[in-house]
Amino acid sequence: MRPWPAQHRNLAVGLTIAVVAVGLVYMFVSRPKKRDVADLRGELEEKQMRLVRRGWPLNSERLGELLKEMNRDLDGKGGRAPKRARDARGIKNRADLVLSECTSTFDGKVREQFGTTADFVRGVSRLDYQEEFNRLTQEFGNRGIILDERILKLGEETSSPYTYQLVLHIWTVEMLVKLALEHKLTFLTGPPVAGGGAARVGPAQITVMPMQAYLVERADKSPYLLEFPVRMRVKGALVDVGAFLGALQSEERFLPCSHFELTTEQPTKETVDKEGRVRISQVMVELECCAFFSIPGGGNAQSGRSGGRLPGA
Numbered sequence: 002m003r004p005w006p007a008q009h010r011n012l013a014v015g016l017t018i019a020v021v022a023v024g025l026v027y028m029f030v031s032r033p034k035k036r037d038v039a040d041l042r043g044e045l046e047e048k049q050m051r052l053v054r055r056g057w058p059l060n061s062e063r064l065g066e067l068l069k070e071m072n073r074d075l076d077g078k079g080g081r082a083p084k085r086a087r088d089a090r091g092i093k094n095r096a097d098l099v100l101s102e103c104t105s106t107f108d109g110k111v112r113e114q115f116g117t118t119a120d121f122v123r124g125v126s127r128l129d130y131q132e133e134f135n136r137l138t139q140e141f142g143n144r145g146i147i148l149d150e151r152i153l154k155l156g157e158e159t160s161s162p163y164t165y166q167l168v169l170h171i172w173t174v175e176m177l178v179k180l181a182l183e184h185k186l187t188f189l190t191g192p193p194v195a196g197g198g199a200a201r202v203g204p205a206q207i208t209v210m211p212m213q214a215y216l217v218e219r220a221d222k223s224p225y226l227l228e229f230p231v232r233m234r235v236k237g238a239l240v241d242v243g244a245f246l247g248a249l250q251s252e253e254r255f256l257p258c259s260h261f262e263l264t265t266e267q268p269t270k271e272t273v274d275k276e277g278r279v280r281i282s283q284v285m286v287e288l289e290c291c292a293f294f295s296i297p298g299g300g301n302a303q304s305g306r307s308g309g310r311l312p313g314a
């Protein structure tokens with residue numbers, strides 16, 4: 002057998018190398034890419050099916066128009082900026098105004114005594130809290146309402162690394178008690194305090210409940226919203242209780258009721274008419290109301306709730 006010419010041998014070696022190279026490129030480059038493309042095509046088809054099932058158009062121009070409409074609904078741009086949440090155009094604006102309205106209950110007191118919210122949070126002292134507590138105790142005592150530390154869960158010597166929170170809780174108690182008195186409600190009392198004087202008036206059933214802090218993310222160092230709940234037991238005419246509940250929310254205040262339990266006195270022969278209907282003159286109510294406060298520089302307001310107390314609160 003005659004040996005191959007050198008040119009033929011070189012050509013055969015070149016062809017062999019080319020075939021091996023093509024095979025390697027297919028195995029390690031083209032084949033994985035083909036598999037990736039197939040996976041992407043499958044994902045794309047699945048997404049298209051989900052869009053169709055949910056009623057979304059597949060036309061890019063139509064999707065662009067829908068995106069613009071949704072952005073308008075979200076941002077509410079155009080026209081004069083509203084001052085009330087009910088008049089807000091966009092979801093963001095409405096959420097901001099709702100938060101502002103819900104946390105404006107303390108604005109008057111903060112502005113009058115400290116100027117700004119930031120100055121209040123940073124500058125309020127334990128002495129300020131004690132003065133507020135003593136003022137409230139004396140004012141209510143003159144009206145026959147005794148605040149007992151064991152029931153109230155706050156006292157003159159109560160301390161916290163967040164003194165402003167103690168002041169806000171005292172202010173919440175003050176607002177609710179005054180509002181109840183304005184609507185002719187009387188506070189149910191406990192057993193008289195030992196050494197309470199000749200009158201021996203029992204302490205009012207008013208209790209400060211644990212504060213709640215709302216975070217945007219659990220890892221946030223500062224909450225964006227604080228809730229100050231107060232539970233109390235009152236007695237009065239049903240119509241006055243209804244008027245009190247209606248007055249909890251107005252343009253000046255936001256003190257929503259989160260717990261409400263109503264009981265009546267045991268009916269007697271005098272309270273039952275000829276048709277067997279009971280005439281109710283007085284009702285007893287146990288309710289929990291709260292006030293809200295927005296932290297300057299806290300988390301973004303529009304987010305989910307992550308309830309949890311601040312350290313040391």
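Adding 1 to a residue's 1-based position in the sequence shown gives its number in the numbering used here. By construction, the Cβ of each residue, glycine as well, lies at the ideal position given by its N, Cα and C atoms. The model shown is predicted, which means the values in this text are computed figures rather than measured ones.
List the residues that DSSP assigns as beta-bridge partners of residue i.
i, result
"Ser1", "In the structure as shown, the chain starts at 2 and stops at 314, and residue 1 therefore has no counterpart that could be examined."
"Leu263", "Val286"
"Met233", "Ile207, Leu288"
"Gln250", "Phe255"
Drop a sphere of 10 angstroms on the beta-carbon of residue i, count the other beta-carbons inside from all chains shown, and report buried for 16 or more, exposed for fewer.
i, result
"Asp120", "exposed"
"Ser295", "buried"
"Ala199", "Residue confidence is low: Ala199 scores 42 on pLDDT, short of 50, so the model does not pin down where it sits. Its coordinate-derived value is still stated next. It counts as exposed."
"Ala205", "buried"
"Asp149", "buried"
"Val318", "Residue 318 lies beyond the range of the chain shown here (2 to 314); nothing can be said about it."
Which residue from the options puts its Cα closest to that of residue i?
i, options, result
"Gln131", "Thr117, Glu158, Gln283, Arg151", "Glu158"
"Phe293", "Gln283, Arg254, Ile281, Leu52", "Arg254"
"Tyr215", "Ser223, Thr208, Val209", "Ser223"
"Leu226", "Leu25, Lys236, Gln213, Ala238", "Gln213"
"Leu239", "Ile281, Leu25, Val111, Gly203", "Ile281"
"Gly203", "Leu16, Met210, Leu189, Pro211", "Leu189"
"Ser126", "Ala96, Ala248, Leu167, Val38", "Leu167"
"Phe134", "Ser160, Asn11, Gly116", "Ser160"
"Met233", "Thr118, Ala220, Val217, Met176", "Met176"
"Gly156", "Ser31, Arg144, Val174", "Val174"
"Pro192", "Thr164, Pro58, Ile152", "Ile152"
Task: Complete runs of the beta strand (DSSP E) confined to the region 136-223 [at least 3 residues] - done: As for any beta strand (DSSP E) of minimum length 3 sitting wholly inside the region 136-223, the runs are 207-209, 213-215, ordered along the chain.
- [ ] Pair every Cβ in the region 257-266 with every Cβ in the region 280-297, then say whether three or more of these pairs are closer than 8 Å.
- [x] yes
- [ ] Mind the definition here: the region 181-189 touches the region 228-244 only if three or more C-beta pairs lie below 8 Å; say whether that holds.
- [x] Segments in contact, yes.
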